[in-house]
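Chains as they are written, first to last, in the working numbering: chain A, 1 to 297; chain B, 298 to 594. By construction, the Cβ of each residue, glycine as well, lies at the ideal position given by its N, Cα and C atoms. Single-structure report; data block below.
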Amino acid sequence: MASPMKQEARWGVLMALPAIIGFVAFTFLPMIASAVISLTDWTIGAAPKFVGFANYTRMFTADDSFFKSLWATLYYTLGAVPLLLVVAFAVALLLNQPVRGQSVFRVIYYLPAIVPIVANSMLWIWLFNPDFGLLNTLTEKAGLPRSQWIFDESTAIPSLILMSVWGFGNVAVIFLAGLQGVPRQLYEAIAVDGGGAWRKFRHITLPMMTPTIFYSLVTSVIGALQVFVQAAVMTEGGPNDSTLFYIYYLYRTAFTNNEMGYASALAWVLFGVIMAITVVLFRNSSRWVYYEAGSTR
Amino acid sequence: MTAVLEKPEVAATAPPASRPLAPRGAGKKILVYLLLIAGAIPTLLPLIWLVRSALMESGQIFVSPPQWIPKPFAWDNFSGALTQVPFARYFLNTLILEAGVLVGTVLSCSLAAFSFARLRWKHKNLVFGILMSGVMLPYAVTLIPTFLFWQKLGLVNTYVPLILPHWFGTGVFNIFLLRQFFLSIPYELDESAYIDGATPFQVYWRIILPLSKPALAVVGVFTFLGVWNDYLGPLIYLNDSDKYTLAMGLASFQGTYTAQWGYLMAAAAVVLLPIVLLFAFAQKYFVEGIALTGLKG
Numbered sequence: 001m002a003s004p005m006k007q008e009a010r011w012g013v014l015m016a017l018p019a020i021i022g023f024v025a026f027t028f029l030p031m032i033a034s035a036v037i038s039l040t041d042w043t044i045g046a047a048p049k050f051v052g053f054a055n056y057t058r059m060f061t062a063d064d065s066f067f068k069s070l071w072a073t074l075y076y077t078l079g080a081v082p083l084l085l086v087v088a089f090a091v092a093l094l095l096n097q098p099v100r101g102q103s104v105f106r107v108i109y110y111l112p113a114i115v116p117i118v119a120n121s122m123l124w125i126w127l128f129n130p131d132f133g134l135l136n137t138l139t140e141k142a143g144l145p146r147s148q149w150i151f152d153e154s155t156a157i158p159s160l161i162l163m164s165v166w167g168f169g170n171v172a173v174i175f176l177a178g179l180q181g182v183p184r185q186l187y188e189a190i191a192v193d194g195g196g197a198w199r200k201f202r203h204i205t206l207p208m209m210t211p212t213i214f215y216s217l218v219t220s221v222i223g224a225l226q227v228f229v230q231a232a233v234m235t236e237g238g239p240n241d242s243t244l245f246y247i248y249y250l251y252r253t254a255f256t257n258n259e260m261g262y263a264s265a266l267a268w269v270l271f272g273v274i275m276a277i278t279v280v281l282f283r284n285s286s287r288w289v290y291y292e293a294g295s296t297r
Numbered sequence: 298m299t300a301v302l303e304k305p306e307v308a309a310t311a312p313p314a315s316r317p318l319a320p321r322g323a324g325k326k327i328l329v330y331l332l333l334i335a336g337a338i339p340t341l342l343p344l345i346w347l348v349r350s351a352l353m354e355s356g357q358i359f360v361s362p363p364q365w366i367p368k369p370f371a372w373d374n375f376s377g378a379l380t381q382v383p384f385a386r387y388f389l390n391t392l393i394l395e396a397g398v399l400v401g402t403v404l405s406c407s408l409a410a411f412s413f414a415r416l417r418w419k420h421k422n423l424v425f426g427i428l429m430s431g432v433m434l435p436y437a438v439t440l441i442p443t444f445l446f447w448q449k450l451g452l453v454n455t456y457v458p459l460i461l462p463h464w465f466g467t468g469v470f471n472i473f474l475l476r477q478f479f480l481s482i483p484y485e486l487d488e489s490a491y492i493d494g495a496t497p498f499q500v501y502w503r504i505i506l507p508l509s510k511p512a513l514a515v516v517g518v519f520t521f522l523g524v525w526n527d528y529l530g531p532l533i534y535l536n537d538s539d540k541y542t543l544a545m546g547l548a549s550f551q552g553t554y555t556a557q558w559g560y561l562m563a564a565a566a567v568v569l570l571p572i573v574l575l576f577a578f579a580q581k582y583f584v585e586g587i588a589l590t591g592l593k594g
């Protein structure tokens, strides 16, 4: 019989084995394969042909759709993420106030976040309907001009940004958990000093929340850069490619045009963009993110 | 997040570290209520619009200016929508997927998490680190080779590509979360079981899993939501409409019946309803899960 130590190690490897196989089979090998495929001209049905970096040069020199999709995705991300964070933060502050009925309001504010994305997309096509939709009804009531919303090139992305902000609930919950983790003594110290609500917010709440804000910023940016369903279900990338989000363009390249080589190259460029943005965010974070000395988090 | 997961039995209901100071005076309280109500209106309005449209006859839907109360209540929108498209079939398909993915995820992720948290073996931490690095990779990178792999095996248009990877711990974040939780369970429990001659698998199955129900519930709820919401996966892998999931069925319904908003909103409501019920019964796991993922940083 093997020694207990050896036996423990055996069990250890055995029990982690499914996950290790899964990593190799569904992450590591596909990653290598994707890098290789991105160097080929491979249309489904034909044999792959090695073309070196031609896919990458084509992207940057001969593909308008690539730039359009990059622009649409960055525009969406730049608009949606800051708005989402601000709204979620405001809501979290409000939901953190100890008033009666607090839990009811928490449920109400969280509801939009649980709507399944396809159902959500359908709902918003209907809300955006220029003739009979809710939004134009409201703008008219407010004396504002009607909008074509997602059905016009210039307003399509802002409309989808508005839609994304409605799903603030998940980020608000994260912020709420962060607010509840702010040590109460800090507020009491300011109260002793005679500080008002603004000082408490500016000098305690906000600095103590910066790690949570930073985390939400990074995950929201990464999520927004990979927006897909809205383009696939609501706009099909239109009108006039204005909502040709990157993943949607990649999907069409791979599964409508069957260009597996070019689509793989697109995927690697997206990976590069995400990494670059993440690195920039982390580099800048030391300037504004406050980590409490000795904090375990 | 380690702070929240300190002890298994309190993980789901970890008390807030602090409570903000109560609003002083009635004036501030009234202001808080006013803001809460003012914010609840735009939050709820789209959902109210969804329900009113789902219950309205098409004649009334296209009245301008729009009306809010259905007259009469068109309950047959639901039976209409549900019979135009085989939603019962889609529902069953989705449940089959859910079952396959849920069981696979919970088993493979908890096995690996147990190994990483409680067994000693060589290079364990290195292997864990490599597995975790997988979360950095956008799914777009592995999407195409994985698809080509399943195509080669002739398994496109089956549920295998949508289920099998989940039996191999591909939801690495779940491994991370469960490992954190398992680490917080006192090790003496394992030791006394080993003295009684238990194997590591018995310790995992009889001691650790029963103590980890809150963490398993969080993983379960979020896995369920992930499958329910997934659109890209079924879109790529399922061709025959009788294999569609609810999300796909809903999207294709939207493409076919563009102007029948009563039907469309009734269908969207049907897809939303199970999630609302799940939320009603498992609210604390929703909030807990989001808060945990959010505080991971």
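Pairwise C-alpha distance: residue j and residue i
i: Y560 (chain B); j: N390 (chain B); result: 21 angstroms
i: A414 (chain B); j: F201 (chain A); result: 39 angstroms
i: T402 (chain B); j: L123 (chain A); result: 31 angstroms
i: S220 (chain A); j: E585 (chain B); result: 19 angstroms
i: M143 (chain A); j: P363 (chain B); result: It is worth fixing the name first, because residue 143 (chain A) is Gly in this sequence and not Met. Computed Cα separation, rounded: 16 angstroms.
i: T278 (chain A); j: A566 (chain B); result: 37 angstroms
i: L486 (chain B); j: F375 (chain B); result: 53 angstroms
i: I366 (chain B); j: R349 (chain B); result: 7 angstroms
i: Q97 (chain A); j: Q180 (chain A); result: 11 angstroms
i: A156 (chain A); j: F245 (chain A); result: 12 angstroms
i: E259 (chain A); j: I482 (chain B); result: 50 angstroms
i: V515 (chain B); j: L399 (chain B); result: 12 angstroms
i: L176 (chain A); j: V86 (chain A); result: 13 angstroms
i: Y554 (chain B); j: I358 (chain B); result: 15 angstroms
i: F105 (chain A); j: I587 (chain B); result: 18 angstroms
i: W447 (chain B); j: D131 (chain A); result: 45 angstroms
i: S430 (chain B); j: R252 (chain A); result: 28 angstroms
i: I20 (chain A); j: N454 (chain B); result: 26 angstroms
i: S489 (chain B); j: G22 (chain A); result: 33 angstroms
i: Y215 (chain A); j: I174 (chain A); result: 10 angstroms
i: I472 (chain B); j: F67 (chain A); result: 38 angstroms
i: L281 (chain A); j: V457 (chain B); result: 38 angstroms
From the options, residue whose alpha carbon lies closest to that of residue i
i: L280 (chain B); options: A:L94, A:Y75 and A:N257; result: Within the shown structure, residues of chain B are numbered from 298 to 594, placing residue 280 (chain B) beyond reach of any answer.
i: F128 (chain A); options: A:D64, A:M31 and A:T235; result: A:T235
i: S549 (chain B); options: B:A566, B:Y528 and B:L569; result: B:Y528
i: R503 (chain B); options: B:F411, B:L569, B:I327 and B:R349; result: B:F411
i: R10 (chain A); options: B:A335, B:F498 and B:T467; result: B:F498
i: R299 (chain A); options: B:A371, B:Y330 and B:S407; result: The question about residue 299 (chain A) has no answer here: the residues shown for chain A are numbered 1 through 297.
i: A337 (chain B); options: A:V107, A:P4, A:L225 and A:S38; result: A:V107
i: V118 (chain A); options: B:Y554, B:W558 and B:G546; result: B:G546
i: L532 (chain B); options: B:F521, B:L459, B:A490 and B:V515; result: B:L459
i: G73 (chain A); options: A:F132, A:T253, A:I32 and A:A224; result: Before going on, a small fix: residue 73 (chain A) reads as Thr here, not Gly. Considering only alpha carbons, the answer is A:A224.
i: M275 (chain A); options: A:Y262, A:R252, A:I222 and A:A265; result: A:I222
i: G517 (chain B); options: B:Q557, B:L474 and B:N536; result: B:L474
i: G530 (chain B); options: B:D493, B:T443, B:T380 and B:S509; result: B:T443
i: L352 (chain B); options: B:V360, B:Y484 and B:K368; result: B:K368
i: P116 (chain A); options: B:G552, B:L522, B:K581 and B:A563; result: B:L522
i: F384 (chain B); options: B:S538, B:Y582, B:A512 and B:V573; result: B:S538
i: W126 (chain A); options: B:Q551, B:L569 and B:V573; result: B:Q551
i: I345 (chain B); options: B:Y582, B:K581 and B:A563; result: B:A563
i: K421 (chain B); options: B:R476, B:I393 and B:Q381; result: B:R476
Cβ neighbours of residue i in the same chain (closer than 7 angstroms, five flanking residues each side left out)
i: Y248 (chain A); result: F228, A231, A232 and G237
i: Y187 (chain A); result: K200 and I204
i: Y387 (chain B); result: Y541, T542, L543 and G546
i: S121 (chain A); result: V229, Q230, V233 and M234
Sequence-distant residues of the same chain with beta carbon closer than 6 angstroms to residue i, five excluded per side
i: G322 (chain B); result: none
i: L428 (chain B); result: V469
i: S355 (chain B); result: G559
i: A544 (chain B); result: Y528
Which residues DSSP lists as bridging residue i, in chain order
i: K49 (chain A); result: A:D41
i: E259 (chain A); result: A:T43
Residues near residue i by beta carbon distance below 8 angstroms, same chain, minus five either side
i: I190 (chain A); result: R199, K200, H203 and I204
>> Under 8 angstroms, with one C-beta from each stretch per pair, do the stretch 336-352 of chain B and the stretch 99-114 of chain A reach the 3-pair mark?
In response: Counting C-beta pairs closer than 8 angstroms gives three or more between the stretch 336-352 of chain B and the stretch 99-114 of chain A, which meets the contact rule.
> Counting pairs of beta carbons, one from the stretch 161-174 of chain A and one from the stretch 89-103 of chain A, are three or more of them closer than 8 angstroms?
Replying inline: Segments in contact, yes.
>> Closer than 8 angstroms is the cut-off here; do at least three beta carbon pairs connect the stretch 26-46 of chain A with the stretch 420-440 of chain B?
In response: Cβ pair count under 8 angstroms is three or more, so yes.
> Are there three or more Cβ pairs, one per stretch, closer than 8 angstroms when the stretch 130-142 of chain A is compared with the stretch 43-61 of chain A?
Replying inline: By the Cβ test, the stretch 130-142 of chain A is not in contact with the stretch 43-61 of chain A, since fewer than three Cβ pairs between them sit closer than 8 angstroms.
> Between the stretch 208-222 of chain A and the stretch 279-289 of chain A, do three or more beta carbon pairs fall short of 8 angstroms?
Replying inline: Yes, the stretch 208-222 of chain A is in contact with the stretch 279-289 of chain A.
>> Between the stretch 148-163 of chain A and the stretch 564-583 of chain B, can you find at least three pairs of beta-carbon atoms closer than 8 angstroms?
In response: The count of Cβ pairs closer than 8 angstroms, one atom from the stretch 564-583 of chain B and one from the stretch 148-163 of chain A, stays below three, leaving the stretches out of contact.
> So does the stretch 459-473 of chain B actually touch the stretch 41-55 of chain A, counting three or more Cβ pairs closer than 8 angstroms?
Replying inline: Result no; under three Cβ-Cβ pairs closer than 8 angstroms.
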